[in-house]
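Below is one structure, written out as structure tokens; the observations come after it.
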Amino acid sequence: MNRATRVARTGTVRRAATVLLAAWLGLPALAGAQVAQAVSAESDQPVDELVPPTSASDFTASQLDSVLAGSWRSPANRARDAYRHPKATLQFFGVRPDRTVIEITPGGGWYAEILAPLLHDNGHYVAAEKPPAADSEARSDDSALRRKFAADPAYYGNARIVQFDPKAPVLGAPASADLVLTFRNVHNWAVADTAPAMFKAFYAVLKPGGVLGVVDHRAAENASLEAVKRSGYLPASYVVKLATEAGFTLDASSELNANPKDTRDYPKGVWTLPPTLALGERDKAKYQAIGESDRMTLRFVKPAAPVTASR
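Count along the sequence shown starting at 1, add 3, and that's the number in the numbering used here.
See the structure below:
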């Protein structure tokens, strides 16, 4: 299938997706009329592809399947799906195509390749990053992300990039986001001593009832923060403390991204493991057999109403 045909058919499916979302929002008559119009407008689009799924969660699952199979995803990134479980992880956090999602420090855009296309038509994807002047890693990440977005506007054209000061972060208008997601970043903030400020910024930008999703490298629970934080691993209790002190409630935890093969005792910390493989060819097969790190997956919720302290 050539690119023009692919984009045309994608547009048809997206129009149908918009109609289905409208139906969930209580506009069934309008939805029915527009589905009929969309079907007649594209004779090569089979009618059965536009049959509404049975629920919003089924629809999200089908959209995630389509995005994960997208030709715009790089082969190297796609190979990491086996370790990062993106579909199950995003479903656990409650991501839907009509949400406003802020991803914190997305790096070169591993999750952006999934989230930005998923949210392109009916939601909003915002990448929040440090200013490029902050350090060489920030410059490299900013450049890679902007190149990625510019390369395929059909999927990334509605994505936004915002910048924040890590010491006094502001991620957007207060109560403007449905979800804030951060993948493998908290350990960096722990070293830089900016973690409390970041979690307070997450709380400020989320709507009441909004979700904070955290994935990070997990240390043994009895490990001292000072002893392990420069290894890239963190005790889950430390992350929970950061979130609850900022005002969040721990809603659920998951073992989706657990890896029992990870012994957490490597010469170069977590970066010894894939995908970094900091030791190069030394014991490479051993570390590839272990896979990516053991990770905590935590879902926090901003209370819908202020929590009143008990007397």
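In this text, a Cβ means the ideal position worked out from N, Cα and C, and glycines have one as well.
At least 3 beta-carbon pairs within less than 8 Å: the segment 102-109 vs the segment 67-87: no
The segment 240-253 in contact with the segment 261-269 per 3-pair CB rule at 8 Å: no
Per-residue burial, Arg221 [other beta carbons within 10 Å of its own, 16 or more giving buried]: Counting from one through the sequence shown, the residue named residue 221 turns up at place 218. When all chains shown are included, Arg221 counts as buried.
Terminal residues of the beta strand (DSSP E) in which Thr275 lies: The residue you call residue 275 lines up with position 272 of the sequence shown. Thr275 -> no beta strand (DSSP E), and no H or E assigned at all.
Segments assigned alpha helix (DSSP H), at least 4 residues, entirely inside the segment 105-174: 115-121, 139-154, 156-159
Pro177, DSSP secondary structure in three states: Residue 177 sits at position 174 when you count from the first residue of the sequence shown. Three-state DSSP puts Pro177 in coil, outside helix and strand.
CA-to-CA distance, Gln94 to Lys305, given in whole angstroms: Numbered from its first residue, the sequence shown carries residue 305 at position 302. Numbered from its first residue, the sequence shown carries residue 94 at position 91. Approximately 18 Å between the Cα atoms of the pair.
Check whether Val218 and Met201 have beta carbons under 9 Å apart: As a working mapping, residue 218 is identified with position 215 in the sequence shown. As a working mapping, residue 201 is identified with position 198 in the sequence shown. Not in contact: Val218 and Met201 (Cβ atoms no closer than 9 Å).
Where Ala131 falls, given that 16 or more other Cβ within 10 Å makes a residue buried: Taking the sequence shown and counting its residues from 1, one reaches residue 131 at position 128. Under this definition Ala131 is a buried residue.
Continuous alpha helix (DSSP H) stretch holding Lys78: start and end: Here the question's residue 78 lines up with position 75 in the sequence shown. Strictly speaking, residue 78 in this sequence is Pro, with Lys absent from that position. Start and end: 78-81.
Segments assigned beta strand (DSSP E), at least 3 residues, entirely inside the segment 237-302: 252-257
Per-residue DSSP class, three states only, for Thr2: Because residue 2 is not part of the residues shown, which for the chain are 4 to 314, the question remains open.
Distance CB(Val129)-CB(Leu174) smaller than 9 Å: The residue labelled residue 129 in the question sits at position 126 within the sequence shown. The residue labelled residue 174 in the question sits at position 171 within the sequence shown. Yes, the Cβ-Cβ distance between Val129 and Leu174 is below 9 Å.
Pair within 9 Å by beta-carbon distance, Glu116 and Gly160: Position 113 of the sequence shown, counted from the first residue, corresponds to residue 116. Position 157 of the sequence shown, counted from the first residue, corresponds to residue 160. Their beta carbons are not under 9 Å apart, which means Glu116 does not touch Gly160 by this criterion.
Spatially closest choice to Pro211 from Arg150, Asp168, Ala178, by CA coordinates: Residue mapping note: residue 211 aligns to position 208 of the sequence shown, counting from 1. The shortest C-alpha separation from Pro211 is found at Ala178.
Cα-Cα separation between Leu121 and His127, rounded to whole angstroms: Position 118 of the sequence shown, counted from the first residue, corresponds to residue 121. Position 124 of the sequence shown, counted from the first residue, corresponds to residue 127. Near 9 Å, if we compare the C-alpha coordinates of His127 and Leu121.
Straight-line gap, Asp268 to Pro156 (C-alpha atoms, nearest Å): Taking the first residue of the sequence shown as 1, we reach residue 268 at position 265. Taking the first residue of the sequence shown as 1, we reach residue 156 at position 153. Rounded to whole angstroms, Asp268 to Pro156 spans 43 Å at the Cα level.
Cβ-Cβ distance between Leu209 and Leu182 below 9 Å: As a position in the sequence shown, residue 209 is number 206, starting the count at 1. As a position in the sequence shown, residue 182 is number 179, starting the count at 1. In contact: Leu209 and Leu182 (Cβ atoms closer than 9 Å).
Beta carbon proximity, Leu245 to chain D, threshold 9 Å: Among the chains in the structure shown there is no chain D, since it carries only a single protein chain.
Buried versus exposed call for His150 [16 or more other C-beta atoms within 10 Å across all chains shown]: Working through the sequence shown from its first residue, we reach residue 150 at position 147. Looking at the sequence itself, residue 150 is Arg, so the reference to His does not match. Flag for Arg150 reads exposed.
Arg149 Cβ short of 8 Å to the ligand GDP heavy atom set: This structure lacks the ligand GDP, and indeed carries no ligand of any kind.
Residue range of the alpha helix (DSSP H) that includes Asp196: Counted from its first residue, the sequence shown places residue 196 at position 193. Looking at the DSSP string, Asp196 is not in any alpha helix (DSSP H), and its letter there is neither H nor E.
Asp68, DSSP secondary structure in three states: Here the question's residue 68 lines up with position 65 in the sequence shown. The answer is helix: DSSP assigns Asp68 an H, G or I state.
Candidates Ala85, Gly235, Ala162, His88: closest to Lys271 by CA position: To locate residue 271, count along the sequence shown from 1; it is residue 268. Here the closest residue by C-alpha is Gly235.
Of the listed residues Ala198, Gln291, Pro172, Lys232, nearest to Ala246 (C-alpha basis): The residue given as residue 246 occupies position 243 in the sequence shown. Nearest of Ala198, Gln291, Pro172, Lys232 to Ala246, Cα basis: Ala198.
Through-space distance from Trp192 to Ala171, alpha-carbon basis: By one-based count along the sequence shown, residue 171 stands at place 168. By one-based count along the sequence shown, residue 192 stands at place 189. The alpha-carbon atoms of Ala171 and Trp192 are separated by roughly 13 Å.
Backbone CA spacing between Ala147 and Lys244 [nearest angstrom]: Position 144 of the sequence shown, counted from the start, is the residue given in the question as residue 147. Position 241 of the sequence shown, counted from the start, is the residue given in the question as residue 244. Taking the straight line from one Cα to the other gives about 33 Å.
Asp219, enclosing beta strand (DSSP E) - first and last residue: Here residue 219 refers to the residue found at position 216 when the sequence shown is read from its first residue. Looking at the DSSP string, the run of the beta strand (DSSP E) that includes Asp219 is 209-220.
C-beta atoms of Gly294 and Leu276 nearer than 9 Å: Numbered from its first residue, the sequence shown carries residue 294 at position 291. Numbered from its first residue, the sequence shown carries residue 276 at position 273. Yes, they are a contact pair.
7 Å CB neighbourhood of Lys203 in its chain, flanking five on each side removed: Along the sequence shown, one-based indexing puts residue 203 at 200. Hits under 7 Å: Ala249.
Glu229 - containing alpha helix (DSSP H), residue span: The residue given as residue 229 occupies position 226 in the sequence shown. Where Glu229 is concerned, the enclosing alpha helix (DSSP H) stretches over 228-231.
Beta-carbon proximity of Asp297 to Asp265, cut-off 9 Å: For the purposes of this step, residue 297 is identified with residue 294 of the sequence shown, where counting begins at 1. For the purposes of this step, residue 265 is identified with residue 262 of the sequence shown, where counting begins at 1. Yes, the Cβ-Cβ distance between Asp297 and Asp265 is below 9 Å.
Cα-Cα separation between Leu301 and Ser257, rounded to whole angstroms: Along the sequence shown, read from residue 1 onward, the residue named residue 301 stands at position 298. Along the sequence shown, read from residue 1 onward, the residue named residue 257 stands at position 254. One C-alpha to the other measures close to 7 Å.
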